[in-house]
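Have a look at the structure below, then the notes.
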Amino acid sequence: MENDDVFKLVLHPNPSLREKLIEEVHWVTDEHRAIAQKMLRTMYKSRGIGLSAPQVGLTLRLIVVDIGNNPLIMFNPFITQWLPKKEISPEGCLSFPKLHKLVERKKSILVRYRDENNIVHELQFDDLEARVIQHEIDHLNGVLMTDYNHAGKRRG
Ligand SMILES: [Zn+2]
Numbered sequence: 001m002e003n004d005d006v007f008k009l010v011l012h013p014n015p016s017l018r019e020k021l022i023e024e025v026h027w028v029t030d031e032h033r034a035i036a037q038k039m040l041r042t043m044y045k046s047r048g049i050g051l052s053a054p055q056v057g058l059t060l061r062l063i064v065v066d067i068g069n070n071p072l073i074m075f076n077p078f079i080t081q082w083l084p085k086k087e088i089s090p091e092g093c094l095s096f097p098k099l100h101k102l103v104e105r106k107k108s109i110l111v112r113y114r115d116e117n118n119i120v121h122e123l124q125f126d127d128l129e130a131r132v133i134q135h136e137i138d139h140l141n142g143v144l145m146t147d148y149n150h151a152g153k154r155r156g
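Written as structure tokens, this is what we have:
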């Protein structure tokens with residue numbers, strides 16, 4: 001497999017970005033691992049720090065994140081606890097190439113997920129890493145950063 005093998009990004013307003021995905025990965029296979037690695041290559045090539053499966057046209061609950069310290073591959077990521085502190089900060093999105101948007105996020109969260117070796121973790125993430133994870137989990141639920149108003153609050 002060539003190392004520059006990447007996915008084509010799904011861009012707004014493609015309706016597949018609005019799907020609420022329910023396809024959990026109960027057991028991670030070699031095929032899932034290959035998809036996750038290809039998503040990471042796609043993300044690095046586009047200089048992103050997070051990418052979700054729907055952004056590459058896949059209906060899996062899978063996100064990849066790398067804010068510069070180490071790559072995280074998260075199957076079925078689920079926020080089990082939101083810590084109270086919030087922060088409003090601008091975000092970008094590989095599906096909205098030119099847009100930056102203020103979004104209010106929790107500064108710290110606890111996330112349960114299955115890693116690429118089928119180990120289930122529940123870990124705390126903070127600051128930028130927590131923000132990216134919240135952004136990518138939104139994608140798995142069909143939620144986009146444009147669903148937040150100018151003050152960074154979720155509409156509706
Ligand atoms: Zn995004």
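If you count the sequence shown from 1, position 101 lands on 101 in my numbering, and the numbers rise without skipping.
Just so it is clear, CB atoms sit at the ideal spot from N, CA and C, and this is done for glycine as well.
Close beta carbons around P90, own chain, < 6 Å, minus the five adjacent residues each side: So the list reads H100 and L102, once near-sequence residues are dropped.
Selection from N149, K106 and A151 that minimises the alpha carbon distance to R131: Comparing alpha carbon positions, the residue from N149, K106 and A151 closest to R131 is K106.
Proximity below 9 Å, CB of P54 to CB of V10: A contact, by the Cβ cut-off of 9 Å.
Contact between the region 33–51 and the region 61–69 (3+ Cβ pairs under 8 Å): Cβ pair count under 8 Å is three or more, so yes.
G160 beta carbon near ligand 1 (any heavy atom closer than 8 Å): Residue 160 lies beyond the stretch modelled for the chain, which goes from 1 to 156, so this question has no answer here.
Classification of I119 by the beta-carbon crowding that lies within 10 angstroms, buried from 16 upward: Exposed: under 16 other Cβ atoms inside 10 Å.
C-beta atoms of I88 and G152 nearer than 9 Å: Pairing I88 with G152 gives a Cβ-Cβ distance under 9 Å.
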